[in-house]
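Residue numbers (our numbering), protein chains in the order written: chain A, 6 to 434; chain B, 16 to 437.
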């Protein structure tokens, strides 16, 4: 196993790519009682058009299959549901789907290996029937409706739809009642066989483990499946321009919700960007966002004192295969005013340049934030998995942060924070 | 992990949770006072005012800049309802010296000083809080109160609680009431704050890699020296007060796509010790993916995505929560009631008990893996007649028998059925 040590946060990562292509990462945490394992496939709601290895035809499946598959994976041929079995063993199991990956996980303090039998068995043995697929449509239908009542989800999704013309990030992860109605067991098997191949998957384990012995336990439980070669994913060509600048939806909320989006060019590793550059860019964007609208910024103070906002917005840089964008979200009586003030502040920073003292202070803050991410085994494992599918080793953030300087940030400010790529999404009464 | 309690003054406790496994140190200060209509809104606005500025860091920017320099130490405050008490909560978290790039900085003492300063040494102008901050924060709290409707699932549970506890302190909303906000005056609020500091229960928690001198740092702090001994005014968990609504049905309409069905149940316990049996009862009813509610409402009938229950220890209520298609109200309610009835009939197995115990014990063992969870656990013990440490808690759960759970089932009754529909 390869060992990567980070001396600043004082943690080690053990990483091994097995013969069948599966990547296993282990982060030992001495003294922690909680043990956490997460097994993910590099397959999310964005991947609905692809060429199966060995085939030449493009396969197109309805939206929402990745998430549907996640729900159905728990069903077993013996009539049991693996979620129940794992709960009976005494561990807490779950799964989730994002736009670029799907993950299965459990956490526990005891019975880890007993649960590992069931866990690795169910992820490797799908069992879909016409009947169990139909039944799931009712449950997922309720999940879709639950999200319909979340204004924060709506304001987020609308911002993506204002930015993207065709790229599937603009769609709801769970699909719609209409698209899921078209899903059947054959589609599920096809997607499973394509994307749940070990070479397209990664596993992260975090807790008080001895790396070599846990790796042996994993290997023992793996089915003999060969690496199936590269899956060609087909994404629609996405224009650089946004769709429209503003979008408003009416919902019963006490106070308008807003999301400001800035569309960026995708940061694909395969297209010449080294992973160091992706990480550096991500760090620079985060520092810039803090400088522009963080709690010590002028903009924040002005808007707060006027009562336009009452808390600092959440600010994120989201990116994966084929897309990248900035999102700033919060609540305000007057989202339009927040939007205009943000644009003005941006213009001012571009003209005056970045204040070095402020820059250094925010960089310190961010350093602390990265360190804090290593408190909890769940956070650590999830972070390593999500970053891995983006081609990143999570330690890189701590390693790279001090190399990000004012000049570089200045350059990112010019490149990424482009006024013509900005959108404003509002949910209000 | 090592846990120590030291009494700093009468009614003021320092709780030290020594734990080497975290990157951060977390300090919390809790001010606990009786919940009542007269003061609920004042208590709600206080943390918001205090976080705006202190004597030596008079603006939010000053505080933020200071915290950013401390490698992004984070400050947080909030308000909680714990049984018939209101708790004003203040947190500050910072990186432990070991993980700072430039080594030794004495971050913990520094963090303690800052937090004490914000909570106990506010910015005062002309015998009162700053008028500008008052006006802004009143407005912010008003928005929080009006924002109740935004999270429909939470709103439905709050509404059910209000209906159950009509006329009791526990019906009060923790953020208070808009009509009371207007009346709060900056000088009067400052007077109230000074009085609160004389009478409330004060708990200071420190979790992390704690240096030996922290006790002295706190005792010598000017803010602490100025506080007096007190007979703290708060309410311990009471088993006597029970809502008497006997299956009242409340239906309300709002712009929702999905109906939210909430059942508020009373659990009439004879003594505090039975709470642990009630925890297992709740786990079997709706506390996990194996529970009766999840299995029957979601998996078998395919009626819901969310179907669960939670046990509120401080008031001995169970709240059942289902998100359903509006037209399925009768169907879902019938299935939910059947599950409660089956519990009364003893229609659950030894295996169900074992599964519930395993799940609970697993969760209890991880209390020590998260600093804020651990702090909240020990803080919760302050309200109990008998304190249990984590080991004793696990032992008590292991002891729960089928008879004991069956006994709880007989003590459960539906108090209120609340449905939020279109």
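Every residue, glycine too, gets a C-beta built ideally from N, C-alpha and C.
Keep in mind it's a predicted model, so treat the numbers as computed, not measured.
Using a Cβ-Cβ cut-off of 6 angstroms (strictly less than) and excluding sequence neighbours within five positions of residue i, which residues of its own chain qualify?
i	result
residue 275 (chain A)	At residue 275 (chain A), the pLDDT of 44 sits below 50, so the modelled position is not reliable; the number obtained from the coordinates is stated separately. So no residue of the chain qualifies.
residue 462 (chain B)	Nothing in the structure corresponds to residue 462 (chain B), since chain B is present only between 16 and 437.
residue 401 (chain A)	284
residue 21 (chain A)	6 and 29
residue 163 (chain B)	170
Can the beta-carbon of residue i be found closer than 7 angstroms to that of residue j?
i	j	result
residue 144 (chain B)	residue 204 (chain B)	yes
residue 37 (chain B)	residue 357 (chain B)	no
residue 11 (chain A)	residue 51 (chain A)	no
residue 359 (chain B)	residue 424 (chain B)	yes
residue 13 (chain A)	residue 367 (chain A)	no
residue 247 (chain B)	residue 180 (chain B)	no
residue 326 (chain A)	residue 55 (chain A)	no
residue 378 (chain B)	residue 252 (chain B)	no
residue 278 (chain B)	residue 429 (chain B)	yes
What does residue i pair with, by DSSP beta-bridge criteria?
i	result
residue 435 (chain B)	B:267 and B:275
residue 45 (chain A)	A:108 and A:207
residue 101 (chain A)	A:108
residue 218 (chain B)	B:28 and B:45
residue 252 (chain A)	A:430
residue 429 (chain B)	B:280
residue 102 (chain B)	B:47 and B:95
residue 321 (chain A)	A:332
residue 89 (chain B)	B:108
residue 238 (chain A)	A:55
residue 400 (chain A)	Note: residue 400 (chain A) sits in no beta bridge, so no partner.
residue 65 (chain A)	A:54
Report all residues from its chain with a CB closer than 8 angstroms to the CB of residue i; omit the five preceding and five following residues, and keep chain order.
i	result
residue 213 (chain A)	33, 34, 35, 36, 37, 38 and 40
residue 300 (chain A)	317
residue 39 (chain B)	108, 109, 110, 111, 223 and 386
residue 274 (chain B)	338, 339, 340, 341, 343, 344, 434, 435, 436 and 437
residue 194 (chain A)	131 and 133
Short of 7 angstroms in beta carbon distance, which residues of its chain neighbour residue i, apart from the five on each side in sequence? Order them along the chain.
i	result
residue 86 (chain A)	79 and 80
residue 88 (chain A)	79 and 98
residue 120 (chain B)	112
DSSP on residue i, reduced to helix/strand/coil?
i	result
residue 176 (chain B)	helix
residue 55 (chain B)	helix
residue 326 (chain B)	strand
residue 373 (chain A)	helix
residue 172 (chain A)	coil
residue 402 (chain B)	coil
residue 127 (chain B)	helix
residue 212 (chain A)	strand
residue 81 (chain A)	coil
residue 18 (chain B)	strand
residue 108 (chain B)	strand
residue 224 (chain A)	helix
residue 37 (chain A)	coil
residue 30 (chain A)	strand
residue 274 (chain A)	In this prediction, residue 274 (chain A) has a pLDDT of 46, which is less than 50 and means its spatial position is unreliable; nothing more can be read from the coordinates.
residue 342 (chain B)	helix
residue 250 (chain B)	coil
residue 378 (chain B)	helix
residue 91 (chain A)	helix
residue 319 (chain B)	strand
residue 145 (chain B)	coil
Could you list which residues in chain E have their beta carbon closer than 8 angstroms to that of residue i, in chain order?
i	result
residue 156 (chain A)	In summary, chain E is missing from the structure at hand, where the protein chains are A and B.
Please look up how many angstroms separate the CB atoms of residue i and residue j, rounded, as I've assumed it's under 8 angstroms.
i	j	result
residue 197 (chain A)	residue 74 (chain A)	6 angstroms
residue 45 (chain A)	residue 207 (chain A)	6 angstroms
residue 123 (chain B)	residue 390 (chain B)	Residue 123 (chain B) to residue 390 (chain B), Cβ: 15 angstroms. No contact.
residue 124 (chain A)	residue 132 (chain A)	Going by Cβ atoms, the distance from residue 124 (chain A) to residue 132 (chain A) rounds to 15 angstroms, so no, they are not a contact pair.
residue 110 (chain B)	residue 103 (chain B)	The pair is not a contact, with the Cβ atoms about 26 angstroms apart (cut-off 8 angstroms).
residue 137 (chain B)	residue 92 (chain B)	The Cβ separation is near 13 angstroms, so there is no contact.
residue 415 (chain B)	residue 295 (chain B)	5 angstroms
residue 168 (chain A)	residue 266 (chain A)	5 angstroms
residue 147 (chain A)	residue 319 (chain B)	6 angstroms
residue 165 (chain B)	residue 259 (chain A)	6 angstroms
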